[in-house]
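When you read off a place in the sequence shown, starting at 1, and then add 126, the result is the number in my numbering.
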Amino acid sequence: MEDIDLGDRRGLIDLIYGVSTTSQASISGSVPSNLAVNMNFYVRSGFRKQKDIAVLKQPQKGEVSDTPSASSNTLTPLTDHTVTKKPKKEKSNVVCSFSTAVMLFLLAAAAVFLCGFAAYWLTRQQFEMKMAALKYVPQPRRNLSQQSKEADMYEEEPPMDGPTVDELRLPRNLEPIWYNLTLKTYLPGVSAIANEKNLTTDGNIMIKLRALSATDEITLNAKDLTFPLDFTKARILTDEVVVPAEDQSPEELTNIMTNMVNMTTTTAAPATQPALQMHQAKVKRILYNATLEKVVLFLDNVLLSREEVIVQLPFSGRITENSDGLHHTTYRTRAGDKKVLSFTNLRPGSTRSIYPSLDEPQFKAPLSLTIIHPKGTVARASAMEKLDSLPTSEPLWDRTSFEATPTLSTSHTGFIVSDFENKEGATNIGMKVRIYSRPEAVNSTTFALDTAVKALDLLQEYFGVPLKGDKQDIFAIPTLDDTSISGQGIMFMPEEDLLLDPSTNTAEQRVKIARAVTRALTRQWFGNLVAPSDWHALWLNEAFAKYMEYFLLDKIFAGDVDAKSYQTGDSLEQVLVDDARSSSHPLSLNIETPAEAEEILDKVTAEKGGAVLRMIRAVVGEETFQKGVQNFLTTHANGTANYTDFWDALDNAIGGKLNAWDGNKLKTADFAEKWILQMGYPIIDVYRLDARTVELTQRRFKLDHLTPERAKYRNALYWYKWDVPIFYEINGAKEDMTWLHEAVRLPLNLSDTLLINPESLGYYRVNYDEQGWIAIADLLQKDHQRAFAVISYLPKETDYLPWTVALRGLRNLYNRLSKTELEPKAKEFVQEKTAQLFTSLDLDNLSSPDDSKFLESQVRKDLAMLYCEMSPEECTKKLVAQFDTNFMTPCKDSEIASDCSKVPSFIRSLVYCAGVSEGGPKEYGQIRKFSINEVDSAEKRRLLEALSCSKDPRALRRLLYDSLHTGTSPVLKSDVQGIVESMNNQVVGKEIVSDFVLDNWRDLNDRFALDKATLSNILGSAIRLNSERDVKQFERFLTDHKSTTLGLRVLKLQLEIARNQVQWLKTNKKTMKNLLSSRRSEKEL
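Written out as structure tokens, the structure is:
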């Protein structure tokens, strides 16, 4: 027993099974004794060039360990051929009395006990002698996994009532060849319009279809449209002269639509034009099904397979306030006039609300469009104008016709009718770029125009494929929320993302514009040039838009903006929180309906998608990644593609030069699909095994173990395991990337410092053991800017990324404790960590005009907002002085705040809020008046949000009432989210918002019943649950309003966050009390 080495796991295993071992293979030196033995796994040396790196791999069936035995260099499993048969013994009868048997049993038990006792002391002595020779003694591995316990009251959301997916889908017996649409828009305030026609449309659609199989029905998508009762107005036409399908153009039918110019009601175009004739099949009945969003034309004759016909169908529609279909909004001029404009939504399934069509992504065809619009307005669309604002026989109406678009799905074409004016530029290849805005703001679009031209040139160079079309139109919409809408050749963006006031020109404004423009223009390649083959491939468009948004910042600003750090702090760190919740979702889903497609177009899809693309680029290399992107776009230009086609393009670019975790050639799909088909991400646990080796393992990182995932995501395809690229540094030196499949070991001396994922290129988190965190703390003493995870060094930090992450964490810590008796201690802790840097801030100069100071300006602004929240008495005096001196006094006789305010734009939100909070009815009334008259959308938002800072509960409830009710309310739909979010950040407001929204649920739901996306955003900003009592009340609310809350995933998210908050307090409150009281170990925070 003295020769037994307890650190030799294989020796112990062989000893148990009676195998003689005189030599054993080792991995990266010695293997520690405290590592658990798993008899189902063999240990092999690594496959990578680094011979000191080892991978734990589960053996395949029939695989033999390569550990040598004493007698040979291989270990052969026993088989029937190697078993030695023992000679049979003759039976003998042994007679033993009961007392003798008991005695023998006791003697045997005593012998076993004595042997075990002797073995324990002998082996313990040997073990302690060996351990004494080691410099490092490993600690027991901690159990880092948490048991997932589902909440008792959690209830899987039942399927929504309604038609099945198959019922909603169009039949596959027809395909479109082209569309020809004439649409008349009735906008109020421009021309004299009868009340019944106000905010409506009249249209006539002609669709050339090819029958893929014999049919006597033509089924189209239609939503909220009306059709003539006289079904003879719907006609089936055919070409008199047969032309090959690929050579036909929608312009062939221009002459048949000329009679539509003077229409005041929808009438069918005559079928007596020379190029067309009536088909033998006639429409005998029209059936509109509002539930299925379909209109069916029943024919009296069958269309034969491969036969081509032209359907002519008049209809009428509506211009709604909702974000679906053809949307209208208003803005005010400085003279106080109210202007109306309308534009298309360009989201999945929205076109069917504008005109009958085959409104599913796989149906693609060119569109030729004519818009009849009120005189004094301009019409712009995806294609270039062919005839612009020509007069008609009616003096109050003009007509604009457009060239045919390329072949596109219906959701990628759009148009707008407005009184906007524009500035124009051109790219290096001659593409026309036009920025449109309300006339009074057109001079503020210069920077956006220059940036758009520059971004298009950079994107053209990077992608290597020219766009379709010869122009790009970008519209600054005053009341649009923070979501841009992009279609072929036309984009609708929030006014704040495009206008730059020359008098308040800051780096923050310029970066914001550059990001928004780049994001919108990227969708011209990913989404329009190459369209997704189906809805489950939509994520790739959003991912590339987000990826390029940050990637081009370095080039647009000539390296002055650290885009890598900016993306990490602004995007990655936030989505890592959202994606760690049970309410998250995979990037790619099996999407069947437009509603499901709309649901996944959220921040998780965009932010995580962009982060995953950045990780893939880091794995394959920048040059290879760009080559793969160009291969993908070149191969599928002017067509459709699945995201799997992108993996194939990357594999072609890699050319077999990279290896996967198992040593085989890397296949992008095998690596990448684990990240897009599963929700969540891993956390990498780093644990020291011995004085020369650390081991890395992975497990899923999850914030909340109380709420299970939705049923369809619960059993992940890969069981929440990923192929993880490990980027790391040792002592500041960058090492070659290695793979983590199940576990991997790295050589690391006790004196070395290991940093995993130092540049946040990998989409995962890292957790070190205690020795690892101590090593990082030691490193901070030498160079505090190299890490940011240790709070005790925060006052020394000046860089953007550490402070961005830290400020977010400090605010979260305070919010978690703000409803407990620990609130004063938590506030004191936050003040202590921020006071040193705050004292150096100048509130009048938080934002710099220097692009290179952009990230520094962001830190100063975020720090000021947090510190003022923690120490309002120190900030309020300065801010109120600004409010009185630079706002109330100069604006005394003005009607429009943006024309008179002298407050620097980057602190106006703080100043206006402080003025309302510390003021009385006079200040509140002044800000309210300005919010009604304001013409600048950014200034209007600041003024409305300042109203939410009032300390008068009655004024706050009145503001919320105005937000939830239509009529004379000055609060538009697009303003509601900002108001409730701002109110929830105020001392008095946060006590009112959640209860008010839930108490007035019926009114809120009525106003936003047809606009679920906006409703979800409002609820996400309004609902805050801070206690177990709040959680139980909210659960009862969901039960009582099950029918109206069904499908609103944001409510489940808020419930999950609240449960996590309550459970965290139960688990950590005592620990936090001790830490905040003693401050003995700030690293533990």
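Glycine included, every Cβ here is placed at the ideal spot set by N, Cα and C.
Around the Cβ of Ala416, a 10 Å sphere holds fewer than 16 other Cβ atoms; the residue is exposed. Val409 sits close to Phe357, with the two beta carbons spaced by under 7 Å. No Cβ-Cβ contact shorter than 7 Å links Ser449 with Ala340.
Residue environment: Pro628 is assigned as exposed (fewer than 16 neighbouring CB atoms within 10 Å of its CB, all protein chains considered). If you draw a straight line from the Cα of Phe1013 to the Cα of Val1157, it comes to about 42 Å. In this chain, the beta strand (DSSP E) harbouring Asn306 covers 300–311.
Looking at the DSSP output, Trp523 bridges to Pro500. With 16 or more other CB atoms across the displayed protein chains lying within 10 angstroms of its CB, Trp787 is buried.
The beta carbon of Ser1147 is closer than 7 Å to those of Gln1103, Val1106, Glu1107, Asn1110 in its chain, skipping five residues each way along the sequence.
In terms of Cα proximity to Glu675, the closest of Pro297, Ala689, Ile412, Val870 is Ala689. When DSSP states are grouped into helix, strand and coil, Thr1171 belongs to the helix group. Looking from the CA of Ser1020, the closest CA among Leu948, Lys1055, Lys800 belongs to Lys1055. Cβ contact annotation for Val755 (same chain, cutoff 7 Å, sequence separation greater than five): Phe589, in chain order.
The beta-bridge partner set that DSSP reports for Pro658 consists of Ala767. The Cβ-Cβ distance between Phe827 and Ala706 falls below 7 Å. Residue pairing by DSSP puts His454 in a beta bridge opposite Ser468.
Boundaries around Gln756 are those of the alpha helix (DSSP H), 748–762, since no beta strand (DSSP E) includes it.
Within a 10 Å sphere around the beta-carbon of Thr1015 sit fewer than 16 other beta-carbons, which makes this residue exposed. Separation of the CB atoms of His499 and Gly613 is rounded to 18 Å, and the pair is thereby denied contact status at 8 Å. According to the DSSP assignment, Met996 belongs to no beta strand (DSSP E) but to the alpha helix (DSSP H) extending over 980–996. The C-alpha of Ile303 is placed about 18 Å away from the C-alpha of Val656. In the structure shown, the three-state DSSP call for Thr605 is coil. Rounded to whole angstroms, Thr311 and Glu724 show a C-alpha spacing of 26 Å. Under the DSSP assignment, Asp342 falls in the beta strand (DSSP E) whose first and last residues are 341–347.
Scanning its chain for C-beta atoms nearer than 8 Å, with the 5 sequence neighbours on each side dropped, one finds around Asn1131 the residues Leu1141, Thr1170, in chain order.
According to DSSP, residue pairing for Phe424 in a beta bridge involves Glu343, Arg411.
With a threshold of 16 other beta carbon atoms within 10 Å, Leu355 falls short and is exposed. By the beta-carbon neighbour count (other beta carbons within 10 angstroms, threshold 16), Gln984 is buried. In this structure, Phe353 and Val421 form a Cβ contact; the two beta carbons are roughly 6 Å apart against a cut-off of 8 Å. Within the segment 815–884, complete beta strand (DSSP E) segments of at least 3 residues are found at 819–826, 850–852, 854–856, 864–866, 869–873, 880–882, given in chain order.
Val745 and Pro950 have their C-alpha atoms some 47 Å from each other. Our two residues, Gly1041 and Phe1009, have alpha carbons roughly 6 Å apart in a direct line.
By the CB criterion at 7 Å, Gly443 and Asn471 fall outside the cutoff. In this structure Leu874 is in contact with Thr819, their Cβ atoms being roughly 7 Å apart against a cut-off of 8 Å.
Leu739 is positioned such that its CB atom lies closer than 7 Å to that of Tyr673.
In the DSSP assignment, Met805 falls outside any beta strand (DSSP E), carrying neither H nor E.
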